[in-house]
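A.B. asks:
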Amino acid sequence: MTAAKRILRKAQRQAYASQRESTAGKIMKASNADTKLFYKLINMQRKTPLTNTKILKLNEKTAEDGPSIMNIWQEHFQQLATPTIEENFDTDKLELVEIQNNIIESIEREKGKLWILLRNLYKGMSIKVKWEGQCTEDVMVLQGIQQGAKLSTTLYKCYNNVILDSILKSGLGACIGDIQVPAPTCADDIAVLANSTADAQGILDIVQHHTSRDLVKINPTKSEAVLYNAKGSNISTLQFEDNDINITNETKHLGIKRNEQNRANISERIRTGRATIYSLLGAGLHVRRGFSPMVAYKLWRTYAVPRSIYGLEVMNLLAKEKDMLELAERKILRQIQGLPNNTANMAVYTLVGAEPIAITLDKNVLTFFMNIVRNSGTIECEILRRQIAFSDLRGKDFINRVEKTLSKYNLKSSSYYIENPLNKIEWKRLVGIKIKEYWKNECHNEKMEKTSLKYIEIQNNPLNEAHNIWKSVKNNSKDVKAGEIKARISTQTYIFQAKRAKFDPKIVYADKAINVQQPTTSPGNNTVKTDFQ
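Numbered according to UniProt numbering, the sequence shown spans residues 1 to 533.
Here's what the structure looks like:
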């Protein structure tokens, strides 16, 4: 029995390895020939297989096959889309909503025909339920609308703008100089900024007033408060609709985690990037497995880097935090190329034509800066102008980081671009040219300093053009494994047997200087005396 289990497990491992190699081969072939197939295969690696339920229950009904399950789903959505009056239904609220709708319609009717267009967009809508490739009949939507459909996002902004105007008129919340920034908003996500608990509570009361008046429910348990630089201070509780808001050390806003120190957790970012790239191909992400470094870098660049540095352009990173990101990226690049740890950093980047993550961060900062400058009438641009006028060169403001980045790539000052903004295409082209010049000079300077790079020829465009060692390798495991040896020989990190033996203390070399004296013999002694040096 034990032997049979061992044989079965061996067969399973072999089948899994064969499947993994087959998938890697398909990905490598599709990387150049068929982009659509390439990303399809990658997504198959990332996603877990879809599993549909075999049994579905609704009220007293039970379905165990595809058509029956689809019918139950249709019945469920039919109930949601049809107005009904139940026992605990709030009839007073229904009457109030109907009165409000009639008033709004009578007011909008006098302003033109736009309200007719909006009404017709939501009138006569229908939905279908798709299950295992089959669709049900149309279900008429007589109440409500699915989130994100039609003009729901735009109409929500029109409603939400009334709340934001009330907060601004109240004078509560944080200010940058004379610029009010009490409630930065993106879609339906409102962040309340205040210098005191009283101001924060006042803004929450304004939001509560508007939502209760408009019969809108907000779940206070989904809101959290983070106290910046408030160590040792006594902060009273914040409340919304008689519920306490949780005060925490860290919360997520627009996908970016904010903590008490207002610092980015770089270690977590690195783990996220590493987990992303490993989730695609796992242990097969290595040249010794026959996987092309060009394709592996494409995966790293497309999927892992954006997740690792998302939102970092708006945060003031320390030098050691940037070094941590670069160190983690170089480790991945060495792994996918099969290079040892003592390989020169410049060779790690130039062989595969990689863009350092520090340069990617700089590009994001410059892009974000020009996006703000281009919209001159916004609050963000006003804050930027104020920082230019009042910021200290040694400060930690965003504009100081922009100035250092502009100077690094020999671009003009931020004051010039404030007055002479460039469009998106012009700015992207200018930044790309300057970054290419900077990186090419860096590559040549390091090549002059390090003897291990004397066999590496720097390409005309080291950022996007791989070295011929990897560029000439075909997308098959045999050529990829041969390419690893070429790369290690070129970087002088391939240890030949002769060189290894040279440092072996057990081996005595014949090329050592040997001084042989004239043989001397003594009576009864035929020993020859020889001195070795």
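We put the beta carbon where it would ideally sit given N, CA and C, even for glycine.
Let me know if E313 comes out buried or exposed under the rule of 16 or more other beta-carbons within 10 Å of its beta-carbon.
C.D. replies: Burial call: buried.
A.B. asks: Is the segment 251-259 close to the segment 178-191, with three or more CB pairs under 8 Å?
C.D. replies: Verdict: yes, contact present.
A.B. asks: Which runs of the alpha helix (DSSP H) fall wholly inside the segment 309-367 and span at least 4 residues, in chain order?
C.D. replies: Complete alpha helix (DSSP H) runs here, min 4: 319-337, 345-352.
A.B. asks: Using CA coordinates, which residue listed in M346, L411, N441 is at the minimum distance from residue 534?
C.D. replies: Outside the shown range of the chain, which is 1 to 533, sits residue 534, and nothing can be said about it.
A.B. asks: Taking contact to mean at least 3 C-beta pairs separated by less than 8 Å, is the segment 352-359 in contact with the segment 416-427?
C.D. replies: Flag = no, the segment 352-359 and the segment 416-427 do not touch.
A.B. asks: Please report the residue range of the beta strand (DSSP E) in which H253 lies.
C.D. replies: Segment 250-253, the beta strand (DSSP E) holding H253.
A.B. asks: Would you call V431 buried or exposed, if buried means 16 or more other Cβ atoms sit within 10 Å of its Cβ?
C.D. replies: With 16 or more Cβ atoms within 10 Å of its Cβ, V431 is classed as buried.
A.B. asks: Could you tell me the distance, in whole angstroms, from the CA atom of A63 to the CA atom of K222?
C.D. replies: Those two C-alpha atoms are separated by around 35 Å.
A.B. asks: Output needed for R330: all residues of its chain with C-beta closer than 7 Å, excluding positions within five of it in sequence on either side, in chain order.
C.D. replies: So the qualifying residues of the chain are N345, V348.
A.B. asks: Roughly how many angstroms separate the alpha carbons of K36 and C135, rounded to a whole number?
C.D. replies: Distance between the alpha carbons of K36 and C135 is about 27 Å.
A.B. asks: Our contact map puts T360 next to V305 with C-beta atoms below 8 Å; I'd like the distance itself, whole angstroms only.
C.D. replies: About 6 Å; that satisfies the 8 Å criterion.
A.B. asks: Beta-carbon within less than 6 Å of S166's beta-carbon, same chain only, minus the 5 sequence neighbours each way: which residues are those?
C.D. replies: Within the same chain, S166 has close Cβ partners I206.
A.B. asks: For L58, which beta-bridge partners are listed by DSSP?
C.D. replies: According to DSSP, L58 bridges with K61.
A.B. asks: When the Cα atoms are used, what is the spatial distance from N120 to I72?
C.D. replies: Cα to Cα, N120 sits roughly 29 Å from I72.
A.B. asks: How far does the beta strand (DSSP E) with K257 in it reach, from first residue to last?
C.D. replies: Start and end: 256-259.
A.B. asks: Mind checking K512: buried by the 16 CB within 10 Å criterion, or exposed?
C.D. replies: Confidence is the limiting factor: at K512 the pLDDT is only 49, short of 50, which leaves the residue's position unreliable and the question unanswerable from this model.
A.B. asks: Using the Cα positions of W439 and S472, report the straight-line distance between them to the nearest angstrom.
C.D. replies: If you take the alpha carbons of W439 and S472, they lie about 23 Å apart.
A.B. asks: The alpha helix (DSSP H) that contains R401, what's its start and end?
C.D. replies: Run containing R401: 398-408, per the alpha helix (DSSP H) assignment.
A.B. asks: With DSSP collapsed to three states, give me the class of E457.
C.D. replies: If DSSP states are grouped into helix, strand and coil, E457 belongs with coil.
A.B. asks: From Q12, M140, L94, N102, pick the residue whose C-alpha is nearest to that of residue 550; which is it?
C.D. replies: Since the first and last residues shown for the chain are 1 and 533, residue 550 lies out of range.
A.B. asks: Tell whether a beta-carbon distance below 9 Å holds between D199 and G173.
C.D. replies: Yes. Within cutoff.
A.B. asks: Per DSSP, what kind of secondary structure is K512 in: helix, strand or coil?
C.D. replies: Residue placement at K512 is flagged as unreliable, the pLDDT there being 49, under the threshold of 50; the coordinate-derived value follows with that caveat. Here K512 sits in coil by DSSP.
A.B. asks: Is the separation between the beta-carbon of K436 and that of L463 shorter than 9 Å?
C.D. replies: Yes, the Cβ-Cβ distance between K436 and L463 is below 9 Å.
A.B. asks: Determine the extent of the alpha helix (DSSP H) in which residue 534 is found, giving its start and end residues.
C.D. replies: What the structure shows of the chain is the stretch from 1 to 533, and residue 534 is not part of that stretch, so it cannot be assessed.
A.B. asks: Confirm, please, whether the CB-CB distance from I336 to P293 is below 9 Å.
C.D. replies: Contact flag set, yes.
A.B. asks: What are the boundary residues of the alpha helix (DSSP H) that includes P293?
C.D. replies: Looking at the DSSP string, the run of the alpha helix (DSSP H) that includes P293 is 293-299.
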